[in-house]
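**Student:** Sequential numbering of the sequence shown, starting at 103, is according to the numbering used here.
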Amino acid sequence: MSHDIYENPLITRYASREMAGIWSAQSKHSTWRRLWIALAEAEQQLGLQISDLQLEEMKANIDNIDFAEAARYEKELRHDVMAHVHAWGDQVPNARPIIHLGATSCYVTDNSELIQL
């Protein structure tokens with residue numbers, strides 16, 4: 103299954119490839135990661151103990167999303183955002199403690215949809 107294109111009958115009939123890409127799982131979840139990085143950078147500026155190493159590790163793994171691992175976590179946790187927090191944490195162990203620090207799920211879900219719009 104491709105995560106680069108949002109697929110349903112209406113999309114395949116009427117949407118451009120670019121529009122389908124905007125609403126894809128890859129686009130959505132990489133946007134979540136960019137939002138988590140922006141949050142961590144702001145928290146670092148405010149004095150929280152967030153290292154440059156943690157931020158660099160996150161930035162180096164924005165688009166490297168393990169959808170199978172996220173699906174496994176979602177089945178276990180029954181929470182889409184926390185599933186992606188855990189799956190990304192597996193990829194960026196130094197940054198694991200700061201992913202989603204102080205945020206609610208709406209921080210990534212609502213803001214990513216606004217960015218997509």
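The beta carbon of each residue, even a glycine, is placed where N, CA and C say it ideally should be.
Should the segment 146 to 159 be regarded as contacting the segment 110 to 122, the criterion being three or more beta carbon pairs within less than 8 Å?
**Tutor:** Three or more Cβ pairs closer than 8 Å define a contact, and the segment 146 to 159 falls short of that threshold against the segment 110 to 122.
**Student:** DSSP state of residue 117, grouped into three classes?
**Tutor:** Counted from its first residue, the sequence shown places residue 117 at position 15. Looking at residue 117 - three-state DSSP - the assignment turns out to be coil, as it is neither helix nor strand.
**Student:** Using CA coordinates, which residue listed in 177, 208, 172 is at the minimum distance from residue 58?
**Tutor:** The question about residue 58 has no answer here: the residues shown for the chain are numbered 103 through 219.
**Student:** Tell whether a beta-carbon distance below 9 Å holds between residue 186 and residue 200.
**Tutor:** The residue you call residue 186 lines up with position 84 of the sequence shown. The residue you call residue 200 lines up with position 98 of the sequence shown. Contact: no.
**Student:** Closest to residue 204 by CA distance: which of 125, 182, 142 is it?
**Tutor:** Counted from its first residue, the sequence shown places residue 204 at position 102. Residue 204 has its Cα closest to that of 142, out of 125, 182, 142.
**Student:** Just to confirm, are residue 194 and residue 134 a CB contact at a threshold of 9 Å?
**Tutor:** Here residue 194 refers to the residue found at position 92 when the sequence shown is read from its first residue. Here residue 134 refers to the residue found at position 32 when the sequence shown is read from its first residue. Result no, Cβ atoms of residue 194 and residue 134 do not sit closer than 9 Å.
**Student:** Buried or exposed: residue 152, going by 16 or more other Cβ atoms within 10 Å of its Cβ?
**Tutor:** Locating residue 152 in the sequence shown gives position 50, where the first residue counts as 1. So residue 152 counts as buried.
**Student:** Go ahead and pull the three-state DSSP assignment for residue 123.
**Tutor:** Stepping through the sequence shown from its first residue, residue 123 is reached at position 21. Correct three-state label for residue 123: helix.
**Student:** Quick check on DSSP: helix, strand or coil for residue 200?
**Tutor:** For the purposes of this step, residue 200 is taken as the residue at position 98 of the sequence shown. The answer is helix: DSSP assigns residue 200 an H, G or I state.
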